Amino acid sequence: MKMKVAAALGATLLAGTILATGVQAQGISVVRYLSQETDPAVVAVQREWVADFIAANPGTDVILESAPAGVINQRIATYVQAGAPLDVVHSDPGTAARLAVEGLLAPLDDVVEALGGRDAFLPNRLLIVDDVVYAINQAAATPQLFYRKDMFEEAGIEPPTTWEEVRAAAEKLHSRDVIGIALAGGENRMTTIMASTMLWQNCHDFFDGDLNLTVDHPRTAEAAAHYADLLQFSAPDAAAWAFNEPPESFWSGRAAMVLHWHALDLMSRQNPALIENVGVAPVTKNLMQATQTGGRYIGVFANSTTLETGRDWIEFVFSPDNAAKLTGISPLLYPPATESALEELRSSDAATVQAYGDVLFDTVYPSAQYGYSEILHAGGLDTESCELRETGKVNPYISVLWNSNLYARAIQRIAYEGMDPAEAVAQAHEQLAEQVETARREMGNN
Amino acid sequence: MSAATIPARQITPSERARRSANKKRFEQVLVMLCALTVLMIVLLPLFWMLVSSFKPNTELFMRPPSILPVAPTLEHYVELWRFTSFPRYFLNTFAVAGIACFAGVLISLASVYAVTRFEFIAARAFTFGVLFIYMLPPILLALPFFRIWFNLGMLNSLPALAITYLTITLPFSLWILRPYIEAIPRALEEAAMIDGCTRFQAFRKVIVPQAWPGIIASFVFTFVVVWNELLYSLVLISDEPKRTVSLGIASLILETSVYSWGLVNAAGVLATVPVLFLFALAARHMVSGLGAGAVKG
Amino acid sequence: MRAALPAEPVSARGRTLRKPVVRKRPMSRDRKVGLLLLMPLAVLILGLTVYPITQVIQLAFQQQGLFSREATFVGFQNFQAVFAHEGFERSLRNTFVFTFGSLSLQMLIGLSIALLLNREFPLRAPIRGVMLFSYLVPYVVAALTWKFMFSDATGILNWWIRALDLPIPASPFGSLDFAMFGVIMVNVWKNFPFMVIVFLAQLQTIDRQLYEAAAVDGATAWQRFRHITLPALIPIMLVVGMLRTIWNFNNFEVVYLLTQGGPIGRTETLPLFIYRFVFGEFSLGRGAALAVIVFFILLAMSLIYWRLYEKMQERFR
Chain A
17 MKMKVAAALG ATLLAGTILA TGVQAQGISV VRYLSQETDP AVVAVQREWV
67 ADFIAANPGT DVILESAPAG VINQRIATYV QAGAPLDVVH SDPGTAARLA
117 VEGLLAPLDD VVEALGGRDA FLPNRLLIVD DVVYAINQAA ATPQLFYRKD
167 MFEEAGIEPP TTWEEVRAAA EKLHSRDVIG IALAGGENRM TTIMASTMLW
217 QNCHDFFDGD LNLTVDHPRT AEAAAHYADL LQFSAPDAAA WAFNEPPESF
267 WSGRAAMVLH WHALDLMSRQ NPALIENVGV APVTKNLMQA TQTGGRYIGV
317 FANSTTLETG RDWIEFVFSP DNAAKLTGIS PLLYPPATES ALEELRSSDA
367 ATVQAYGDVL FDTVYPSAQY GYSEILHAGG LDTESCELRE TGKVNPYISV
417 LWNSNLYARA IQRIAYEGMD PAEAVAQAHE QLAEQVETAR REMGNN
Chain B
310 MSAATIPARQ ITPSERARRS ANKKRFEQVL VMLCALTVLM IVLLPLFWML
360 VSSFKPNTEL FMRPPSILPV APTLEHYVEL WRFTSFPRYF LNTFAVAGIA
410 CFAGVLISLA SVYAVTRFEF IAARAFTFGV LFIYMLPPIL LALPFFRIWF
460 NLGMLNSLPA LAITYLTITL PFSLWILRPY IEAIPRALEE AAMIDGCTRF
510 QAFRKVIVPQ AWPGIIASFV FTFVVVWNEL LYSLVLISDE PKRTVSLGIA
560 SLILETSVYS WGLVNAAGVL ATVPVLFLFA LAARHMVSGL GAGAVKG
Chain C
-7 MRAALPAEPV SARGRTLRKP VVRKRPMSRD RKVGLLLLMP LAVLILGLTV
43 YPITQVIQLA FQQQGLFSRE ATFVGFQNFQ AVFAHEGFER SLRNTFVFTF
93 GSLSLQMLIG LSIALLLNRE FPLRAPIRGV MLFSYLVPYV VAALTWKFMF
143 SDATGILNWW IRALDLPIPA SPFGSLDFAM FGVIMVNVWK NFPFMVIVFL
193 AQLQTIDRQL YEAAAVDGAT AWQRFRHITL PALIPIMLVV GMLRTIWNFN
243 NFEVVYLLTQ GGPIGRTETL PLFIYRFVFG EFSLGRGAAL AVIVFFILLA
293 MSLIYWRLYE KMQERFR
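Chains as they are written, first to last, in the numbering used here: chain A, 17 to 462; chain B, 310 to 606; chain C, -7 to 309.
Take a look at the structure:
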């Protein structure tokens, strides 16, 4: 008899604990902010924002969620497939583009108006589909070529500006103790994105204006071969390198050059003494000058149960004072989103700006004019005239390219298995085409 | 030299004993040295992680690398404590482990008891069938679990995570406890019940003490599994304040992260200490628990 | 419906002897208690094992758009796509190499160390305890600590390999030829103590007198091992062998954290291949199909182990 009682008690306890966690506080508008931010410094800023937001908006709460990109995208997919509401999402450009084109995000025009209107924003900050804003870019960073001034001076080399010059510098400086250029060679987004900049510098793109895949092309093979060639001047284990190793190699003093968005920001945290020896080379040129405009786009789902609060949160995050906090700790990764914020930054007393403000305003921020956003300028790279232009067309298939890592795999094959570049690129095209077609079909059905 | 052999000196029994004792001693020391060498190889990475966690960032990329910190610092631990949520992650993991351990032991005891005492089904099939669950790749189950908890509205729930972990730990607990409980003669229980105990009291007084080593083994195994597990927590927990320790460390180094080794090493050291401590407490029981299971299983 | 009662003791005259046992409750009530005790386990097994498996099997025959709400039935298409994928054979091969490479090394090292620790020597107890530390650390910690030691910018092993110009890659995880080896070594380092515990416990149940008697009879150390130690260990070796085979086969964390399956798929085992389908291509159907295939492979291997185990039990009983 007692056994039954004990069992029943145990079951009730278990059930109670389970139910307790599912209880939501009454009357509080909760916004879930899903992002990929895992850097403790950034999370600290996010928590500050949450505290200030709740203080300014009683009756609300913001829950910070973060997970790696692959997991986040799967999570979003599961929620959407089940018809469950999602709130504010901060995602990579490819995912943001696809969500916007599929009509899953809510319009943010009133938020943009409250922040000063579309014209107040710098280029490549707004994700606009059919003349409606769906997401705002928080991290419109552009990769630069950072180099060690002292090493270059000692070897008597000028800062490189073309492919040949970069290769020559890397070759000259590469030795057992020094890495010529810290490039990632792993099968991941880092490799894909950095290799993408070289593709555009070769006056070619992954997709054309009609969003057809154009990977199988001599210029692609050239660009992939160039990246693969440079890998020999990277580390011996570059085939396993991802986002962490290249900047680490640079801030630890082991590498002479690195292609990165915010190597200086990281260096200011890890090895501030080396900053004075760092220079930024002009955006590299082959057939044309180009770099990437990266992004972390913040949008809110149309089916969110706390849509208005979500919009308020987005406005809050981009309001000048709050955005400045993030820019202050990492001005290269989180450049200002509006013209006014940029002006404000000049007089900022953040340690980073004090240490290398001149680099920021003279070289890095102006280089954004060469920044090509692979989602915002579908077909915007004119492969005849080798110019960048606005098309206002959004490319939702970039996420396929990024998630599959097939372009990175092609480069690996060229660099480490000696595969013929044209063949490697053709193989990647074939496999990508299948996935792009699947995506096209899926999106056509909506 | 003389051709005549020199008669061997007589060896007294005590001297023989002394010589063989010396030989034995020598062998023992040799074995100990071997064991210590192996131990050093095994512990090298952990030692290195410990030592590195006290080095400031600039010292980490000193060339040639220093073995011991030149200017030891606690800055990484301070940063971990004050600027990350690691203290919270510890609490979370203890909560999950606690639920999984207690629920696991209770359910295992109840189930094994029921199967061995009530003559339900072939016990052999039960033993093997229980291990059957291990054949499912966790990566396979991660998404269905996600959907199940999602449908129950229990995503980002630590108790849900604990219950999920039971699918990993229960088979082993059942397997470990069965030989102990089987070995207890029913006469003992019957005797207790004749003396006026209810079945539950008989259970508590007779079964539990005899199965104690198995219970400890099950408890420790469950704790270690929960503490170390990454895949399910990665998929089921995305709320930053609800992370477990493993997930917290993984979040620092996964995907697009750029991290500082000092912080990561400090986190690693802190993540290892509780398990080692728990194990030191329960070491003896764990070894004998597994052994008995092996013999009778 | 009731299972047969155990055979009752019989006297020399063929009459059944009943033990003077007083049953306080009728059987049916006992059965209710028993069923109640089994319920939590049954619920868990049904809810968290059987149900997910059926879900996965269902998914294996379906395809669903990334952001669409309907799933379409596609028959065996997912299975065909998986078999035809250029990575399938390679990941299958990698998984077997990883599984059995790790297993054999774990057994060998585990057994050797267990034999070592079975002997008497000073400081035995603490050494035994500390020997198990690598088993207890989380996989994340194990992976990052080895990555750290081999890291190009900060790794001490990396530094020494390069400084001494050794003919091996400075970091195995970035080398096409040594990545699998590196991953196996970390797996072995992490898990060999499990073997040590199990073997040690079994070794301690072997009667010392057997060894003494054999020594008196003039048996060499190898003969003593072969004829006394080994037979006692084989049954347990098969059981843990099966367990570890399954665990190694399904191990996702160790390889993912060290190499993510690279470089160029050299360490992509089946669990990572599943991950690629589910989280990289977002093709749940194909991931599920692959998982079903893995399940059947493991089932087959477990049956082989089980058969061997039964044979050994008969032989050594």
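Beta carbons are placed, not taken as given, at the ideal position from N, Cα and C, and that holds for glycine.
Fair warning: this is a prediction, and the values are worked out from it, not measured in the lab.
Could you tell me the boundaries of the beta strand (DSSP E) in which residue i lies?
i: C/Q54; result: 54 to 56
i: A/I144; result: 142 to 145
i: A/L275; result: 273 to 276
i: A/E81; result: 76 to 82
i: C/L63; result: Per the sequence shown, residue 63 of chain C should be read as Ala rather than Leu. 63 to 65 is the span of the beta strand (DSSP E), which, as asked, contains C/A63.
i: A/N228; result: Segment: none, A/N228 is in no beta strand (DSSP E) and carries neither H nor E.
i: A/Q451; result: Premise fails: A/Q451 lies in the alpha helix (DSSP H), 437 to 460, not in any beta strand (DSSP E).
i: A/V105; result: 104 to 107
Please list the partners that residue i has in chain B, where partner means a Cβ-to-Cβ separation under 8 Å.
i: A/L282; result: V567
i: C/M177; result: Correct list: empty, because the minimum Cβ distance to chain B is about 11 Å.
i: C/E245; result: L539, L540
In chain A, what lies closer than 8 Å to residue i by C-beta?
i: C/L168; result: A255, Y432, E433
i: B/R456; result: T94, A98
i: C/Q56; result: Q97
Can you pull the chain C neighbours of residue i, defined as C-beta to C-beta under 9 Å?
i: B/L545; result: The premise fails here: B/L545 is roughly 12 Å from chain C at the closest Cβ pair, so nothing lies under 9 Å.
i: B/T473; result: L40
Using beta-carbon positions only, say whether residue i and residue j come within less than 8 Å of one another.
i: A/L448; j: A/Y372; result: no
i: B/L543; j: B/L556; result: yes
i: C/F186; j: C/I101; result: no
i: A/A136; j: A/S364; result: no
i: A/R528; j: A/A155; result: Nothing about residue 528 of chain A can be reported from this structure: the residues present for chain A run from 17 to 462 only.
i: C/A106; j: C/L195; result: yes
i: A/L138; j: A/L358; result: yes
i: A/A211; j: A/A239; result: yes
i: C/S94; j: C/N179; result: yes
i: A/E261; j: A/A200; result: yes
i: C/V122; j: C/L282; result: no
i: B/L450; j: C/P130; result: no
i: A/W277; j: A/A85; result: no
Looking at the unbroken alpha helix (DSSP H) that takes in residue i, where does it start and where does it end?
i: C/E81; result: 80 to 109
i: B/S417; result: 395 to 426
i: B/T346; result: 322 to 361
i: A/Q217; result: 205 to 217
i: C/V188; result: 171 to 195
For a contact meaning CB atoms closer than 9 Å, what does residue i contact in chain B?
i: C/M99; result: In chain order: nothing, as chain B lies at least about 15 Å away.
i: A/P234; result: Here the premise fails: no neighbours, minimum Cβ distance about 32 Å.
Applying a beta-carbon distance threshold of less than 8 Å, which residues of chain C neighbour residue i?
i: A/L120; result: F59
Output, in chain order, the set of chain E residues within a Cβ distance shorter than 8 Å of residue i.
i: B/M463; result: Protein chains A, B and C are contained in the structure displayed, whereas chain E is not.
Cβ closer than 7 Å: which chain B residues qualify as neighbours of residue i?
i: C/R111; result: V340
i: A/S268; result: F370
Give, in chain order, every residue of the region 129 to 160 of chain C whose Cβ lies closer than 7 Å to some Cβ of chain A.
-> Residues passing the 7 Å Cβ filter: D144, A145, T146, R154.
Taking 8 Å as the threshold, find out whether the region 564 to 584 of chain B comes into contact with the region 360 to 372 of chain B through three or more Cβ pairs.
-> Yes: at least three Cβ pairs fall under 8 Å.
Evaluate the contact criterion for the region 233 to 251 of chain C versus the region 287 to 305 of chain C: three or more CB pairs, one atom per stretch, below 8 Å.
-> Three or more beta-carbon pairs drawn from the region 233 to 251 of chain C and the region 287 to 305 of chain C are found closer than 8 Å, and the two stretches are therefore classed as touching.
Quick one: any contact between the region 273 to 280 of chain C and the region 24 to 38 of chain C, if contact means 3 or more CB pairs under 8 Å?
-> Contact between the region 273 to 280 of chain C and the region 24 to 38 of chain C is absent: fewer than three C-beta pairs spanning the two stretches fall below 8 Å.
Should the region 387 to 401 of chain B be regarded as contacting the region 536 to 554 of chain B, the criterion being three or more beta carbon pairs within less than 8 Å?
-> Result yes; three or more Cβ-Cβ pairs closer than 8 Å.
Short-range partners of chain B found in the region 277 to 292 of chain C, where Cβ spacing is below 7 Å = Flagged, chain order: A283, V286, F287, L290, L291.
Between the region 70 to 93 of chain A and chain B, which residues of the former have a C-beta closer than 9 Å to a C-beta of the latter?
-> Those residues of the region 70 to 93 of chain A that come within reach of chain B (Cβ to Cβ, closer than 9 Å) are I79, L80, E81, S82, A83, P84, A85, G86, V87, I88, Q90, R91.
Contact set between the region 391 to 416 of chain B and chain C, restricted to residues whose Cβ is under 9 Å from the partner | Listed in sequence order: A412, L415, I416.
Should the region 182 to 195 of chain A be regarded as contacting the region 218 to 232 of chain A, the criterion being three or more beta carbon pairs within less than 8 Å?
-> Contact fails: fewer than three Cβ-Cβ distances are below 8 Å.
Examine the Cβ distances between the region 292 to 312 of chain A and the region 114 to 124 of chain A and report whether three or more of them are shorter than 8 Å.
-> Three or more beta-carbon pairs separated by less than 8 Å are not found between the region 292 to 312 of chain A and the region 114 to 124 of chain A, which leaves the two stretches without contact.
Note down, in chain order, all residues in the region 348 to 360 of chain B with a beta-carbon under 9 Å from any beta-carbon belonging to chain C.
-> Per Cβ criterion, the list reads L348, I350, V351, L352, L353, P354, L355, W357, M358.
The region 262 to 275 of chain C: positions lying closer than 9 Å to chain A by Cβ | Residues Y267, R268, V270, F271, G272, E273, F274, S275.
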